[in-house]
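Undergrad: Encoded as structure tokens, here's the structure I'll be asking about.
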Amino acid sequence: MKNTEQIWDHVETHKDDLIGMADRVWGTPELLYGEFESVAEHTAMLKQKGFAVSEEVAGIPTAVTGIAGSGGPLIAFLGEYDALPGLSQEAGLAEPREVVKGGNGHGCGHNLLGSAALLAACALKDWLEETGTPGRVMYAGCPAEEGGGAKSFMARAGVFDDVDVAITWHPGCMTHVDDMLSLANTRIDFTFTGRPSHAAASPHLGRSALDAAQIMCVGVNYLREHMPDSDRVHYAYLDAGGSAPNVVQSTTTVRYVVRSRSLSGMRALIERVKRCAEGAALMTETRVEAKVITAVSNMLNNEPLAVAMKSALDALGGVPFDADDRAFARQIQATLSEEDIASSYIALGREPVKGEELCDYVTDYAPGYTPALGSTDVADVSWQVPTIQARVTTHAVGTALHTWQATAQGKSGIAHKGMVHAAKAMAQTAVKVLTEDGLLEEAKAYHARLLEKEPYVCPIPAEVQPPLKPRPVK
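Residues in the sequence shown are numbered consecutively from 0, following numbering that gives the first Met the number 0.
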């Protein structure tokens, strides 16, 4: 237990600084590739804690890394700090109240995610120095997880080439090792170009780009019956061609998100979606251009690391919430339906526990559970190096991420305690990798076997660059 207690103590040493940073990042919610204030906070903290810092990593102004230690394996902690649009909410208030009308908010807890990952990195740095253990630690500050795919671009640029193991976490309603299941995902803009005309006087001369986009959407909707059950296709109009119905719309852009359980499945589905677009263009005598915006892979699990992280979580036990935390959680739950609350348990295949406001224990997946699949750019790191992720309780049971309720809890005692707990679990997992005989080798061998089945090919075409935003002028 000596190593375990040491690493926990080092987390405690730095926790107040990192909790403060998490709250400051909560207060400056910035969207994908615009996280300039947030990355400034992370960069300043890395320098304060003695890391060798690299800024504008992979050519991305809001990406940063810090490295410390010498010799031995390199352990990377992955952090995030981007927010979501339309989720401005007053902290600590159990009713919807926007701070800024229509403003951004940390409805997915990324203010906590990056701060805990950096907290774990600080603890491991100190532990390496105290014990003289050969090893290096990297904190990777990764922007734009919410639809921007920054880790995919960073992976493509070689940021993780020298990393031996990557560790991360995500805020949530339950505490457990992540199942590492996700969908590969590509965002593609389809732009149709036709010919404008007077919609009444000379409709026969027009070629409607809006008609083409609508026909494409009909075709894709019929495609849904003939693709695997776990595949997903979504769309949104970015430009419907204007607001004048008496003009034949000459340009229309619709964005599609295409998801599948595997990279090969995603690529096959993309081709089918493209054929729907090409058919629509043919039918309407318009032209269509398909442009990939971002893409991420599906996650690869690593069983040896999952076992190590589960052991670390079991040693910690549940997050130590207090009476004030439980009282606030009950207030949040009062805004939720029974179905909302039950969903937190169903996601793990478990039976709901009546009257439970906070998960203060380590959970397991029930046999035969059906995962709820989303997408994440952590996946592209998991294809490059053995990767593991925890989920740790930072919200009342039943809180859905990407909601005002999640944002409202982002600076609470619940969030702070869960964040520190996550840092301890991640740091202890790293210590296990560095000290337990054979664990690193097992993790690498497991990863290599997965790549034998399907080698990694970055899903982002070589010519596609991240959709960066200009630095704001002060």
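Positions of the beta carbon are idealized from the N, C-alpha and C atoms, including for glycine.
All of these numbers come straight from a predicted model, not from anything done at the bench.
Which whole-angstrom value is the C-beta distance of residue 258 and residue 230, which I expect to be below 8 Å?
TA: Within the sequence shown, numbered from 1, the residue matching residue 258 stands at position 259. Within the sequence shown, numbered from 1, the residue matching residue 230 stands at position 231. The beta carbons of residue 258 and residue 230 sit about 6 Å from each other, so the pair counts as a contact at 8 Å.
Undergrad: For residue 85, which option in 94, 253, 71, 100 has the closest C-alpha, if you only look at C-alpha atoms?
TA: Here residue 85 refers to the residue found at position 86 when the sequence shown is read from its first residue. The residue with the shortest Cα to Cα distance from residue 85 is 100.
Undergrad: The beta strand (DSSP E) that contains residue 408, what's its start and end?
TA: The residue given as residue 408 occupies position 409 in the sequence shown. Where residue 408 is concerned, there is no enclosing beta strand (DSSP E), because DSSP gives it neither an H nor an E.
Undergrad: Please classify residue 138 as buried or exposed, where buried requires at least 16 other C-beta atoms within 10 Å of its C-beta.
TA: On the sequence shown, residue 138 is found 139 positions in, with the first residue counted as 1. Buried, since its Cβ has 16 or more Cβ neighbours within 10 Å.
Undergrad: Looking only at DSSP bridge pairs, what is residue 197 linked to?
TA: Numbered from 1 along the sequence shown, position 198 holds the residue referred to as residue 197. Residue 197 pairs with 246.
Undergrad: Considering only their Cβ atoms, is the gap separating residue 426 from residue 312 smaller than 9 Å?
TA: By 1-based counting over the sequence shown, the position of residue 312 is 313. By 1-based counting over the sequence shown, the position of residue 426 is 427. Using a Cβ distance threshold of 9 Å, residue 312 and residue 426 do not count as a contacting pair.
Undergrad: Which first and last residues belong to the beta strand (DSSP E) in which residue 76 is found?
TA: Counted from its first residue, the sequence shown places residue 76 at position 77. Start and end: 73-79.
Undergrad: Any idea if residue 256 is buried or exposed, counting beta-carbon neighbours within 10 angstroms, 16 or more meaning buried?
TA: Walking along the sequence shown from the start, residue 256 turns up at place 257. Counting Cβ neighbours within 10 Å, residue 256 comes out buried, since at least 16 surround it.
Undergrad: Going by DSSP, what residue range makes up the alpha helix (DSSP H) through residue 121?
TA: Along the sequence shown, read from residue 1 onward, the residue named residue 121 stands at position 122. Note, residue 121: alpha helix (DSSP H), 109-130.
Undergrad: Looking only at its own chain, which residues have a Cβ that is under 8 Å from the Cβ of residue 474, when we skip the five neighbours before and after it?
TA: Nothing in the structure corresponds to residue 474, since the chain is present only between 0 and 473.
Undergrad: Can residue 398 and residue 339 be called in contact, C-beta distance under 9 Å?
TA: As a first step, residue 398 is located in the sequence shown; it is residue number 399 there, counting from the start. As a first step, residue 339 is located in the sequence shown; it is residue number 340 there, counting from the start. A contact, by the Cβ cut-off of 9 Å.
Undergrad: Whose CA, out of 142, 10, 68, lies closest to the CA of residue 33?
TA: Numbered from its first residue, the sequence shown carries residue 33 at position 34. When only C-alpha atoms are compared, the closest one is 142.
Undergrad: By the 10 Å Cβ neighbour count, where 16 or more other Cβ atoms means buried, how is residue 148 classified, buried or exposed?
TA: In the sequence shown, the residue the question calls residue 148 occupies position 149. Classification for residue 148: buried.
Undergrad: Would DSSP call residue 103 helix, strand or coil?
TA: Position 104 of the sequence shown, counted from the first residue, corresponds to residue 103. Coil.
Undergrad: Could you spell out the range, first to last residue, of the beta strand (DSSP E) harbouring residue 184?
TA: Position 185 of the sequence shown holds residue 184. Per DSSP, residue 184 belongs to the beta strand (DSSP E) from 183-192.
Undergrad: Quick one: grab the DSSP three-state call for residue 263.
TA: For the purposes of this step, residue 263 is taken as the residue at position 264 of the sequence shown. Helix, per DSSP.
Undergrad: Using alpha carbons as the reference points, say which of 188, 35, 459 lies closest to residue 478.
TA: Outside the shown range of the chain, which is 0 to 473, sits residue 478, and nothing can be said about it.
Undergrad: Residue 449 and residue 299 - do their beta-carbons sit closer together than 9 Å?
TA: As a working mapping, residue 299 is identified with position 300 in the sequence shown. As a working mapping, residue 449 is identified with position 450 in the sequence shown. Yes, these two residues count as a Cβ contact at 9 Å.
Undergrad: Can you give the Cα-Cα distance for residue 332 and residue 413, rounded to whole angstroms?
TA: As a first step, residue 332 is located in the sequence shown; it is residue number 333 there, counting from the start. As a first step, residue 413 is located in the sequence shown; it is residue number 414 there, counting from the start. For residue 332 and residue 413, the distance between alpha carbons rounds to 14 Å.
Undergrad: So, residue 75 versus residue 136, is the Cβ gap smaller than 9 Å?
TA: As a position in the sequence shown, residue 75 is number 76, starting the count at 1. As a position in the sequence shown, residue 136 is number 137, starting the count at 1. Result yes, Cβ atoms of residue 75 and residue 136 sit closer than 9 Å.
Undergrad: Please check the pair residue 438 and residue 280, which I expect to be a contact at CB under 8 Å, by giving their CB distance rounded to whole angstroms.
TA: If you number the sequence shown from 1, residue 438 lands on position 439. If you number the sequence shown from 1, residue 280 lands on position 281. In fact, because the Cβ distance is near 54 Å, the residues do not count as touching under 8 Å.
Undergrad: Measure the Cβ-Cβ separation of residue 356 and residue 395 and say whether it is below 9 Å.
TA: Within the sequence shown, residue 356 is the residue found at index 357, counting from 1. Within the sequence shown, residue 395 is the residue found at index 396, counting from 1. A contact, by the Cβ cut-off of 9 Å.
Undergrad: With C-beta atoms as the reference, is residue 252 less than 9 Å away from residue 212?
TA: Within the sequence shown, residue 252 is the residue found at index 253, counting from 1. Within the sequence shown, residue 212 is the residue found at index 213, counting from 1. Closer than 9 Å, so yes.
Undergrad: CA-CA distance, residue 260 and residue 182?
TA: Looking up residue 260 in the sequence shown gives position 261. Looking up residue 182 in the sequence shown gives position 183. Going from the Cα of residue 260 to the Cα of residue 182 covers about 5 Å.
Undergrad: Going by DSSP, which residues form a beta bridge with residue 175?
TA: Locating residue 175 in the sequence shown gives position 176, counting from the first residue. Bridge partners of residue 175: 390.
Undergrad: Would you mind reading off the limits of the beta strand (DSSP E) that contains residue 472?
TA: Residue mapping note: residue 472 aligns to position 473 of the sequence shown, counting from 1. Unbroken run through residue 472: none, as it is neither H nor E.
Undergrad: Am I right that residue 295 and residue 378 are in contact with their C-beta atoms under 8 Å? What's the rounded C-beta distance?
TA: Numbered from 1 along the sequence shown, position 296 holds the residue referred to as residue 295. Numbered from 1 along the sequence shown, position 379 holds the residue referred to as residue 378. Their Cβ separation, rounded to whole angstroms, is 5 Å, which keeps residue 295 and residue 378 in contact under 8 Å.
Undergrad: Got a sec? Which residues, its chain only, sit under 8 Å from residue 35 by beta carbon, not counting five neighbours each side?
TA: As a working mapping, residue 35 is identified with position 36 in the sequence shown. Hits under 8 Å: 29, 60, 61, 470, 471.
Undergrad: If residue 391 and residue 174 are in contact, beta carbons under 8 Å, what's the gap, nearest whole angstrom?
TA: Position 392 of the sequence shown holds residue 391. Position 175 of the sequence shown holds residue 174. About 5 Å separates the two Cβ atoms, so the contact holds.
Undergrad: Secondary structure at residue 64, three-state DSSP: helix, strand or coil?
TA: The sequence position of residue 64 within the sequence shown is 65, counting from 1. DSSP places residue 64 in strand when its eight states are reduced to three.
Undergrad: Going along the chain, which residues of its own chain have a beta-carbon closer than 7 Å to the beta-carbon of residue 98, five neighbours each way excluded?
TA: Here the question's residue 98 lines up with position 99 in the sequence shown. The residues are 87, 88, 89.
Undergrad: Where are the alpha helix (DSSP H) runs, 4 residues long or more, that stay fully inside the region 312-371, in chain order?
TA: 322-332, 337-345
Undergrad: Here's the rule: buried if 16 or more other CB atoms are within 10 angstroms of the residue's CB, otherwise exposed. What is residue 417?
TA: Position 418 of the sequence shown, counted from the first residue, corresponds to residue 417. Buried.
Undergrad: What's the C-alpha gap between residue 288 and residue 201?
TA: Numbered from its first residue, the sequence shown carries residue 288 at position 289. Numbered from its first residue, the sequence shown carries residue 201 at position 202. Each residue's Cα considered, the two are about 26 Å apart.
Undergrad: Please tell me whether, using a cut-off of 8 Å, the distance from the CB of residue 357 to the nearest non-hydrogen atom of the ligand PLP is below it.
TA: This structure lacks the ligand PLP, and indeed carries no ligand of any kind.
Undergrad: Please report the distance separating the alpha-carbon of residue 150 from that of residue 21.
TA: Stepping through the sequence shown from its first residue, residue 150 is reached at position 151. Stepping through the sequence shown from its first residue, residue 21 is reached at position 22. Going from the Cα of residue 150 to the Cα of residue 21 covers about 21 Å.
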